[in-house]
Amino acid sequence: MSSQPKIHLDRVAKTYPGSRIPAVDELTLDVQEGEILVLVGPSGCGKSTTLRLINRMIEPSSGRIMLDGEDVTKANPDKLRRRIGYVIQQIGLFPHQTISQNIATVPKMLGWEKERIHERTEQLLTTVGLDPEQYRDRYPKELSGGQAQRVGVARALGADPDIMLMDEPFGAIDPITRERLQNEFLRLQEELRKTIVFVTHDIDEAIKMGDRIAILGERSTIRQIDTPERILAYPVDDFVDDFIGTGSTIKGLNFQQVSGLKIPDYPAISVSDDPQKGIAALQEAGREWLVLLDDQGRPARWLREDDLRGAAPGQYDGRGEELGDHLSPDDTLFHALELMVQSAAGKTCVVDEAGRFQGVVEMAHLNKAIRRAQYEARAHYEELERA
Amino acid sequence: MEALQNFFTYVQNNSDYITEATLQHLRIVLIVIAFATVTSVLLGVWIQTRPMARALVLSTASIFLTLPALALFALFIPIMGIGNPPAMLALWMYALLPILRNTVTGLDSVPPAVTESARGMGLTGTQRLLKVKLPLALPVIMAGVRVATLLTVGLAAIAVLVGGDGLGIFIRSGLSRNGLPNAAEQVWTGTVFIVALGLLLDLVLATFQRVATPRGLKV
């Protein structure tokens, strides 16, 4: 790590009075500027406690907390918290204040001018997708859960903090709205590039939101910390393997694109071609299915040898099987898999932007891609061990 | 019918006297409630987060409310002499419990997520109390103040027993002159004006409560 981490926890521990077992045991953790680090683990593993140690909602028993290389372990906790956005699952909007008053909380404490606060709250409402005209003077009870959490995020962004701590922010929201908020938040993060520590117990959310994921075991010990791709491709131990659950390999397909595959030539003929040419191509390639292209070079149907016999050039109507949807190069391999299992031929066509046939993705390609990802992840960990 | 007639005649003939006594009564109540509110809210805020102190203070205030008024007066007269002060001290003790209990209940009812997020944004302890917890607890505290006010308006009638003033004067005079002319009218005057004063004050406080309740909290 060449650059200084935005957040650095140095052997931070928390033992509650009256308990001999620490809730967080000498945790050392770096969060790089502009990344989303997801803390994920079974309930009771101390992930929320860890998050709350960063803004000292819980005072550490030992260890040091560094922000931008500055030791804040003994700094004024209230001043510290005004520098850090904090979003919780239960949101905790002030029910007696309007939406804009809620968002203005931190700027007001920091003594911003009225005009600036007004501009900021209007801008933030727009940022989180709420029309200021309609929402600024509403009260929290007049909002749905999804809208309230949008305001919660806007309020945390109030004074434009570099760091955001989010404790299961979308945990209490219905699945459809949650997915939308997650997507919007990721889009927002593209622009804002905040340093975010995000707690969840949902591995799928972790995979989706995290630039890196830290899988925590008991007493908040880090079992594995890495990019979602690598964790899915190479869980370091049984605990991590169990936690990410079945289907982790398939989830890993989400992180690879069709354009990353090396696709060999696949037999295809155009509608104007002679069927004999198709039969020859099939026999030469030793394949069962052939792609029929229309006169624009777009894939039209799957054809077998039997379908070709007795057909005439330009008269393939109704022969063979339907193709279904096509893949474009920037689709994920997960999407490829989905189309493949729906297709009659068990494979699916890739097309360019104009819809012209580029090749065919088969199960063997996915298999190779997964094995390559696993190999690379293993090689990475072996290298780490040697170092 | 004739009794009602006599009552109105009595009120008419003694309107100056009645007005004066009503104002004296009001003065006692307002002073007592003002002091009781300040002490109860301060104490309530302090004990709310301290389980031991909370149990101790609340049970002490409950005991105050069960003490017989006459016994209290007897205790205070040697210290404070006669007049309004011993009566007001006793009334203050009675008014504590409703306000104290409602302050604690009101603060308890502030959602933990709200205080958690307030702390997370860097509000200091004082800011959390003044800008978040007390505004949210206000409707419940005001309900306690209203109960305490009604209680005090009624109880203030006995101030007269220790040399105080107020509408109790009419009741005592009427009772001691039982059977003589205007005795019943005097008792009625005291009672009716006390009830009227209580209702009036409650109305004022109810209005204040409505105005002071933030729009976001109204149901």
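Here the protein sequences line up with chains A and B, keeping their order.
All residue numbers for the first sequence refer to this note's numbering, where the first residue is 653 and numbers rise by one.
All residue numbers for the second sequence refer to this note's numbering, where the first residue is 43 and numbers rise by one.
Think of the CB as a built atom: it goes at the ideal place given N, C-alpha and C, for glycine as much as any other residue.
Three-state secondary structure assigned by DSSP to residue i
| i | result |
| --- | --- |
| I825 (chain A) | coil |
| Q262 (chain B) | In this structure chain B extends from 43 to 261, so residue 262 (chain B) is not present and cannot be described. |
| Y59 (chain B) | helix |
| Q749 (chain A) | coil |
| M653 (chain A) | Unreliable positioning characterises M653 (chain A) in this predicted model, as indicated by a pLDDT of 48, which lies under 50. The coordinate reading is nonetheless provided below. In this structure, M653 (chain A) counts as coil in the three-state DSSP scheme. |
| E852 (chain A) | Residue identity check: residue 852 (chain A) is Thr in the sequence provided, not Glu. Looking at T852 (chain A) - three-state DSSP - the assignment turns out to be strand. |
| I75 (chain B) | helix |
| A756 (chain A) | coil |
| Y787 (chain A) | helix |
| P951 (chain A) | strand |
| V1002 (chain A) | strand |
| D894 (chain A) | helix |
Residue i versus residue j: straight-line alpha-carbon distance, rounded
| i | j | result |
| --- | --- | --- |
| S57 (chain B) | F50 (chain B) | 10 Å |
| G258 (chain B) | E774 (chain A) | 20 Å |
| R871 (chain A) | G696 (chain A) | 8 Å |
| L302 (chain B) | A103 (chain B) | With chain B covering 43 to 261 only, the question about residue 302 (chain B) has no answer from this structure. |
| T145 (chain B) | I867 (chain A) | 44 Å |
| Y738 (chain A) | L142 (chain B) | 33 Å |
| D814 (chain A) | R734 (chain A) | 11 Å |
| R161 (chain B) | E1014 (chain A) | 55 Å |
| D977 (chain A) | Q928 (chain A) | 27 Å |
| G897 (chain A) | M718 (chain A) | 34 Å |
| T64 (chain B) | G232 (chain B) | 9 Å |
| G998 (chain A) | Q935 (chain A) | 19 Å |
| H67 (chain B) | V195 (chain B) | 8 Å |
| P1106 (chain A) | D856 (chain A) | Not covered by the structure: residue 1106 (chain A). The range shown for chain A is 653 to 1039. |
| V71 (chain B) | T157 (chain B) | 35 Å |
| T702 (chain A) | D720 (chain A) | 18 Å |
| G125 (chain B) | L795 (chain A) | 57 Å |
| P674 (chain A) | Q169 (chain B) | 32 Å |
| G208 (chain B) | L112 (chain B) | 17 Å |
| Y787 (chain A) | I751 (chain A) | 7 Å |
| N707 (chain A) | L732 (chain A) | 7 Å |
| A1006 (chain A) | D917 (chain A) | 19 Å |
| M709 (chain A) | V851 (chain A) | 15 Å |
| A996 (chain A) | P153 (chain B) | 57 Å |
| P618 (chain A) | L84 (chain B) | The displayed coordinates of chain A run from 653 to 1039. Any statement about residue 618 (chain A) would go beyond what the structure contains. |
| L171 (chain B) | K766 (chain A) | 24 Å |
Contact set between residue i and chain B, taken where Cβ atoms lie within less than 9 Å
| i | result |
| --- | --- |
| P747 (chain A) | P153, V156, L178, P256, G258, L259 |
| D878 (chain A) | Within chain B, no residue comes near D878 (chain A); the closest Cβ sits about 29 Å away, beyond 9 Å. |
| G744 (chain A) | P153, P154, A155, V156, T157, E158, S159, A160, G162 |
Close beta carbons around residue i, own chain, < 8 Å, minus the five adjacent residues each side
| i | result |
| --- | --- |
| L247 (chain B) | M184, V187, R188, T191 |
| A1021 (chain A) | L905, Q908, G912, L913, L985 |
| I213 (chain B) | A199, V202, Q228, V229, G232, T233 |
| A95 (chain B) | W88, I89 |
Any non-hydrogen atom of the ligand ADP within 7 Å of residue i CB
| i | result |
| --- | --- |
| P154 (chain B) | The ligand ADP is not among the ligands present in this structure, which contains no ligands whatsoever. |
Cross-chain neighbours of residue i in chain B, by beta carbon under 8 Å
| i | result |
| --- | --- |
| T779 (chain A) | Within 8 Å Cβ-Cβ: nothing; T779 (chain A) doesn't reach chain B, min ~18 Å. |
| Y738 (chain A) | S159, G162, M163 |
| D730 (chain A) | G164, L165, T166 |
Proximal residues to residue i (C-beta, below 7 Å), its chain only, five neighbours per side dropped
| i | result |
| --- | --- |
| T873 (chain A) | D677 |
| F1009 (chain A) | A920, V943, L945, G949, R950, P951, C1001, V1003 |
| T757 (chain A) | R807, G810 |
| Q741 (chain A) | D819, E820, P821, G823, A824 |
| R939 (chain A) | P919 |
Cβ shell of residue i (< 6 Å), same chain only, five flanking positions each side left out
| i | result |
| --- | --- |
| L149 (chain B) | Q90, K175, A179 |
| M653 (chain A) | For M653 (chain A), the predicted model reports a pLDDT of 48, less than 50, meaning its position is unreliable; a value from the coordinates is still stated below. Closer than 6 Å at the Cβ level, and outside the excluded window around M653 (chain A), lies no residue. |
| V664 (chain A) | L679, L705, P712, G715 |
| E915 (chain A) | The sequence shown places Ile at residue 915 (chain A), not Glu. Excluding positions up to five away in sequence, the list reads G1011. |
| M135 (chain B) | F106 |
Under 8 Å from the C-beta of residue i: neighbouring residues of chain A
| i | result |
| --- | --- |
| R161 (chain B) | M709, R733 |
Residue i: contacting residues in chain B (beta-carbon distance under 7 Å)
| i | result |
| --- | --- |
| T757 (chain A) | M163 |
| M1015 (chain A) | Within chain B, no residue comes near M1015 (chain A); the closest Cβ sits about 49 Å away, beyond 7 Å. |
| M816 (chain A) | Going along chain B, no residue has its Cβ under 7 Å from M816 (chain A), so there is no contact; the nearest lies around 11 Å. |
When you check each C-beta in the segment 789-803 of chain A against every C-beta of chain B, which residues fall closer than 8 Å? Hits within the stretch, in order: Y791, P792, K793.
Please identify, using Cβ separations under 9 Å, the residues of the segment 164-188 of chain B that lie next to chain A, in order along the chain. From the segment 164-188 of chain B, only G164, L165, T166, G167, Q169, K173, V174, P177, L178, L180 have a Cβ closer than 9 Å to chain A.
When Cβ atoms are compared, which residues of the segment 878-907 of chain A fall closer than 8 Å to chain B? Under the 8 Å Cβ criterion, the segment 878-907 of chain A contributes no residue.
Below 7 Å between beta carbons is the criterion; list the residues of the segment 757-773 of chain A that meet it against any residue of chain C, in chain order. The structure shown contains no chain C; its protein chains are A and B.
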